[in-house]
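Numbering (our numbering), first residue to last: 66 to 518.
Glycine residues also receive a C-beta, built at the ideal position from the N, C-alpha and C atoms.
All values reported here derive from a predicted model rather than from experimental measurement.
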Ligand code: GLN
């Protein structure tokens with residue numbers, strides 16, 4: 066803990082932490098030392114972690130990196146973090162993210178962008194760490210924590226992991242409790258770990274996962290020993306290569322990376338088969354209807370009364386308007402407007418209902434694939450390596466949304482996915498591969514991920 070607190074002070078230039086909690090960290094480390102002295106170590110005793118600022122931490126400022134939450138200090142702790150502390154982990158601080166987890170570059174945070182610790186060879190250009198869990202990924206990559214919590218609605222764990230050479234796991238929908246996590250799109254959101262190795266991610270997920278009566282969408286299933294799956298043989302497993310992911314204009318580098326990953330799995334005894342996920346091309350447009358629709362509803366609670374910031378007005382409606390106008394950033398306002406529009410009378414059937422039907426078709430594509438004996442699907446994690454700060458999405462938000470092309474289908478179908486570092490681009494930047502698994506079969510992803518890493 067002391068070593069990490071020191072590293073955090075030296076690494077402030079990355080802007081990965083939005084709040085450092087050295088007093089809590091030292092107090093928790095002391096409790097861990099005492100437990101160790103008594104010979105009562107838990108699975109995470111003394112392990113220093115960073116927590117994405119989307120997780121409610123009791124008495125510790127939680128903002129979702131939005132001005133609208135102001136200095137909000139939750140009077141409760143999220144279930145996921147409660148379980149991490151139960152197992153002995155230590156809180157180092159709260160990590161930066163895109164405002165309300167809306168973004169792919171960590172540039173929408175009210176605390177400013179996070180800087181990726183990686184640079185292109187021979188270049189000083191500052192790169193994004195990906196998003197929305199950019200603080201989590203950058204902090205893990207730069208050794209400012211041993212592991213971090215993150216959340217993934219459309220790729221926010223896997224894409225930043227790929228951009229920083231770390232491992233990110235988005236578990237099956239329902240595997241981790243969402244209780245006490247600031248909601249973005251409730252039918253897509255899942256918590257998961259970002260870590261330096263597949264093994265570390267497996268250890269963290271075991272503590273984070275599990276049924277919670279406070280989240281009715283969390284599933285009552287035993288949590289396996291994920292670590293035991295690391296190093297398990299993948300011999301005879303059928304791995305699908307979806308032809309629809311070979312998108313137009315795909316860079317030869319990404320194609321080569323994908324091929325290399327397939328070769329490694331083959332060398333480990335897996336069988337590679339081409340599969341078809343025909344509705345893939347509708348995933349991105351459908352996601353960018355469903356996610357904003359749910360967001361517009363979830364964000365209605367920020368009214369200047371219940372949480373954080375308030376900007377007064379002459380009457381209550383004016384107070385709502387002033388608070389929301391000043392409290393939300395541009396991307397969040399865009400999502401609220403899109404979401405409200407697609408849910409409004411006359412447009413609901415044309416957009417929201419249709420997007421939900423597309424979602425079912427996407428899910429069925431995967432079900433067909435798995436029914437044919439496929440154990441997991443291998444794809445690139447992102448269409449490119451990390452890009453420069455300010456380089457994308459300025460004039461055209463859709464340019465930024467296209468980043469999520471390989472990740473959103475997994476959330477739409479509720480499946481588990483892992484991003485594993487698999488190589489470097491010509492400029493020396495990390496590139497990641499993604500493995501998509503059957504529902505509640507994270508274990509297979511850990512076994513396969515370890516072969517690739
Ligand atoms: N980039 C996607 C979005 O902005 C996904 C974000 C996420 O997974 N939280 O909606």
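Proximity to residue i [Cα-Cα], best of the options
i           : options            : result
residue 335 : 246, 420, 438      : 438
residue 267 : 330, 293, 443      : 293
residue 262 : 211, 322, 304, 130 : 211
residue 318 : 456, 446, 458, 149 : 446
residue 394 : 132, 118, 95       : 132
residue 67  : 157, 361, 104      : 157
residue 118 : 217, 93, 77, 247   : 247
residue 512 : 441, 95, 312, 219  : 441
residue 306 : 349, 286, 472, 327 : 327
residue 108 : 269, 392, 304      : 269
residue 303 : 340, 75, 451, 255  : 340
residue 433 : 423, 347, 348, 343 : 343
residue 273 : 252, 243, 253      : 243
residue 428 : 189, 466, 333, 352 : 352
residue 139 : 407, 371, 450, 225 : 371
residue 466 : 207, 492, 224      : 224
residue 492 : 505, 323, 450      : 450
residue 253 : 206, 286, 217, 207 : 217
Sequence-distant residues of the same chain with beta carbon closer than 6 Å to residue i, five excluded per side
i           : result
residue 503 : 435
residue 454 : 178, 191, 193
residue 468 : 169
Whether residue i touches residue j by CB criterion (8 Å)
i           : j           : result
residue 84  : residue 151 : no
residue 110 : residue 277 : no
residue 448 : residue 470 : yes
residue 234 : residue 258 : yes
residue 199 : residue 356 : no
residue 494 : residue 183 : yes
residue 195 : residue 229 : yes
residue 518 : residue 485 : yes
residue 388 : residue 404 : no
residue 159 : residue 222 : no
residue 373 : residue 135 : yes
residue 421 : residue 275 : no
residue 214 : residue 128 : no
residue 79  : residue 203 : yes
Residue burial classification, residue i (beta-carbon count within 10 angstroms, cutoff 16)
i           : result
residue 381 : exposed
residue 281 : exposed
residue 29  : Lying before the first or after the last residue shown, residue 29 is absent from the chain, which here runs from 66 to 518.
residue 560 : In the structure as shown, the chain begins at 66 and stops at 518. Residue 560 is therefore absent and cannot be evaluated.
residue 298 : exposed
residue 457 : buried
residue 359 : buried
residue 478 : buried
residue 240 : buried
residue 379 : exposed
residue 99  : exposed
residue 425 : exposed
residue 103 : exposed
residue 236 : buried
residue 463 : exposed
residue 77  : exposed
residue 402 : exposed
residue 97  : buried
The ligand ZN heavy atom lying under 7 Å from the CB of residue i
i           : result
residue 228 : Among the ligands present in this structure, namely the ligand GLN, the ligand ZN is not found.
8 Å contact criterion, which residue i and residue j should meet: CB distance rounded
i           : j           : result
residue 500 : residue 514 : 6 Å
residue 238 : residue 508 : Their Cβ separation, rounded to whole angstroms, is 17 Å, which puts residue 238 and residue 508 out of contact at 8 Å.
residue 112 : residue 72  : About 15 Å separates the two Cβ atoms, so there is no contact after all.
residue 249 : residue 121 : Not a contact, Cβ separation roughly 14 Å.
residue 367 : residue 392 : 7 Å
residue 361 : residue 400 : 7 Å
residue 363 : residue 283 : Contact doesn't hold; Cβ gap of about 17 Å is too wide.
residue 416 : residue 407 : 4 Å
7 Å CB neighbourhood of residue i in its chain, flanking five on each side removed
i           : result
residue 87  : 70
residue 174 : 130, 161, 162, 163, 164
residue 245 : 120, 121, 141, 142, 143, 144
residue 90  : 66, 70, 113, 155, 156, 157
residue 480 : 237, 431, 501, 502, 504
Other residues of its chain near residue i: CB distance less than 8 Å, five sequence neighbours each side excluded
i           : result
residue 265 : 211, 212, 232, 258
residue 301 : 334, 335, 336
residue 338 : 303, 304, 305, 306, 439
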